[in-house]
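Comments concern the structure below.
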Amino acid sequence: MSSSNIYSLHYFNGRGRAEAVRLIFVQAGEKFEDLRHSPDEWAKLKGQMPLGQMPVLEINGEKYPQSASIARYVARQFKLAGKDDLESLKCDIIVDTMQEINEAYYEAWFHIKDEKRKESEQAKFKTDLLPQKLKGLETMMNTYGNGTWAVGSNVTWADLLVYDSIQNILRIDEQALDKYATLKKNHEAVEKLPKIAGYLAERKPTPF
6 MSSSNIYSLH YFNGRGRAEA VRLIFVQAGE KFEDLRHSPD EWAKLKGQMP
56 LGQMPVLEIN GEKYPQSASI ARYVARQFKL AGKDDLESLK CDIIVDTMQE
106 INEAYYEAWF HIKDEKRKES EQAKFKTDLL PQKLKGLETM MNTYGNGTWA
156 VGSNVTWADL LVYDSIQNIL RIDEQALDKY ATLKKNHEAV EKLPKIAGYL
206 AERKPTPF
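Residue numbers for the sequence shown follow our numbering, beginning at 6 and rising by one.
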């Protein structure tokens with residue numbers, strides 16, 4: 006599969022909110038320019054970006070913001086959003102559930118400045134929200150997928166976004182998936198995809 010469009014992905018030098026999009030491009034075998042801006046570069050570019058934020062996907066010179074919208078668009082372009090509209094809906098449900106975990110994670114680890122409140126929110130995340138959401142995610146994967154992939158019988162962008170998001174969770178709890186056999190199998194399956202495995206082998210560690 007090859008596209009005549011020219012894609013450039015703008016973000017910082019980190020996984021953050023752009024890595025799922027990168028993984029979709031990689032799995033699709035599509036070329037894209039992976040632009041990783043320094044804070045100084047971003048200060049100069051911010052005024053040129055829609056909404057003044059990143060990531061931004063540039064398609065043939067036109068800039069588009071919002072990470073989830075970008076990921077969903079790229080997945081649909083390259084047939085990684087399910088085989089039909091119903092599977093596409095199921096992918097969105099898996100992704101939206103994972104995004105609820107992501108937003109709570111970002112809030113507790115990066116957005117809260119007060120140290121006591123941060124410690125409290127991180128503890129609540131680990132003991133309350135995370136087990137509840139992972140249990141729900143496991144149940145939906147068992148309902149929508151085949152025991153390996155989240156939806157249907159093939160890899161979709163839902164698998165890729167969940168994989169990247171779970172990487173954050175494993176940083177704070179290495180045993181986070183031990184009670185969730187399907188999530189663990191899914192995580193391992195994504196890592197074994199040849200294109201993804203090659204990308205991960207060359208990916209340099211970043212602070213986020």
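From the three backbone atoms N, C-alpha and C, an ideal C-beta is built for every residue, glycine too.
So residue i packs on residue j, CB below 8 angstroms; how close in whole Å?
i, j, result
"L62", "I75", "4 angstroms"
"A155", "D164", "5 angstroms"
"N191", "M145", "Contact doesn't hold; Cβ gap of about 11 angstroms is too wide."
"F213", "G21", "5 angstroms"
"M54", "K36", "At roughly 22 angstroms, the Cβ-Cβ gap does not stay under 8 angstroms, so M54 and K36 are not in contact."
"S72", "V31", "With a Cβ gap of about 16 angstroms, S72 and V31 do not count as contacting."
Would you give the residue range spanned by the alpha helix (DSSP H) that residue i belongs to?
i, result
"D90", "D90 to Y111"
"F30", "E24 to A33"
"G181", "It is worth fixing the name first, because residue 181 is Ala in this sequence and not Gly. Looking at the DSSP string, A181 is not in any alpha helix (DSSP H), and its letter there is neither H nor E."
"P55", "Unbroken run through P55: none, as it is neither H nor E."
"G141", "L135 to Y149"
Run through the DSSP bridge pairs and tell me what residue i is partnered with.
i, result
"P70", "V61"
"H116", "Paired residue(s): none; H116 is not in a bridge."
"R41", "Y16"
query = Can we say the stretch 104-116 touches the stretch 171-186, given the rule of at least three CB pairs closer than 8 angstroms?
reply = Three or more Cβ pairs drawn from the stretch 104-116 and the stretch 171-186 lie within less than 8 angstroms of each other, which places the two stretches in contact.
Stretch pair the stretch 197-212 + the stretch 131-142: three plus CB contacts closer than 8 angstroms = These segments do not touch.
inquiry  = Measuring CB atoms only, is the stretch 109-126 touching the stretch 76-84, in the sense that at least three cross pairs come out at less than 8 angstroms?
reply    = no
message = Any contact between the stretch 31-47 and the stretch 91-104? By contact I mean 3 or more CB pairs, one from each, below 8 angstroms.
response = Inter-segment contact for the stretch 31-47 and the stretch 91-104 is absent: fewer than three beta-carbon pairs are separated by less than 8 angstroms.
key: Secondary structure, alpha helix (DSSP H): runs of 4+ residues fully inside the stretch 155-212   = 162-177, 186-197 and 199-207
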